[in-house]
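Numbering (my numbering), first residue to last: 234 to 400.
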């Protein structure tokens, strides 16, 4: 009876560790604080915001940040930013966790730009279209999303893409 109980307990513990490694979380922060946050089109609260999901490797999460007096920021991040050692070890034993071997960075920081009466006269290619602190790949993904959503034109995309790649 003790061996059955011991095996059941170890199996339950293994399953709990396996499931815990499937989840990944990140803190979404903005400057200024308390921007309204929309994740995949749904309002979820204000920043700072703790986001957690069990999406698989490469899954993108689209976010929109809004604050009165500031330009709306549309961006995204993907579950491919850091390796998850626990999921890699779990994958050796169970194979399935290999779908979750990558995780989000611990924090995502975005700077919102103030709107001004002059900004409405500016061409959108002159505005800052991507948040600070992102890698070139993240910035290029953001520009591609803006192009696909019709926020910027193809020529604006090409101009910004060249500027990012030349940095």
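Beta carbons: idealized from backbone N, C-alpha and C, even for Gly.
CB contact flag (residue 286, residue 257, <8 Å): yes
Boundaries (first-last residue) of the alpha helix (DSSP H) holding residue 275: It is not in any alpha helix (DSSP H) - residue 275 instead sits in the beta strand (DSSP E) that spans 275 to 279.
Residue 390, enclosing alpha helix (DSSP H) - first and last residue: 387 to 399
Boundaries of the alpha helix (DSSP H) in which residue 298 is found, first to last residue: That residue, residue 298, is in no alpha helix (DSSP H); its beta strand (DSSP E) goes 293 to 299.
Spatial neighbours of residue 305 in its chain, beta-carbon cut-off 6 Å, leaving aside the 5 residues before and after: 299
Same chain, Cβ closer than 7 Å to residue 273, five either side skipped, listed in chain order: Around residue 273: 294, 295.
Residue 280 and residue 267 closer than 8 Å at C-beta: yes
Exposed unless 16 or more other CB atoms sit within 10 angstroms - verdict on residue 354: Any answer about residue 354 is weak, because its pLDDT of 35 lies below 50 and its placement is not dependable; what the coordinates show is given next. By the neighbour-count criterion, in which 16 or more other beta carbons inside 10 Å mark a residue as buried, residue 354 falls on the exposed side.
Of the residues 399, 259, 380, the one placed nearest residue 312, counting alpha carbons only: 259
The beta strand (DSSP E) enclosing residue 309, as first and last residue numbers: In the DSSP assignment, residue 309 falls within the unbroken beta strand (DSSP E) covering 306 to 311.
Where the beta strand (DSSP E) containing residue 405 begins and where it ends: With the chain covering only 234 through 400, there is no way to say anything about residue 405.
Span separating the alpha-carbon of residue 338 from that of residue 282: 14 Å
Residue 378 - DSSP class collapsed to helix/strand/coil: Secondary structure of residue 378 (DSSP, three-state): helix.
Which listed residue (235, 236, 264) has its alpha carbon closest to that of residue 347: Looking at the Cα atoms, 264 is the closest of the given residues.
Other residues of its chain near residue 358: CB distance less than 6 Å, five sequence neighbours each side excluded: Reliability fails at residue 358, whose pLDDT of 41 lies under 50, so the model's placement of it is uncertain and the value that follows must be treated cautiously. The beta carbon of residue 358 lies closer than 6 Å to those of 389, 392 in the same chain, with the five residues before and after it left out.
Terminal residues of the beta strand (DSSP E) in which residue 286 lies: Residue 286 -> beta strand (DSSP E) spans 282 to 286.
DSSP-derived helix/strand/coil call for residue 414: With the chain covering 234 to 400 only, the question about residue 414 has no answer from this structure.
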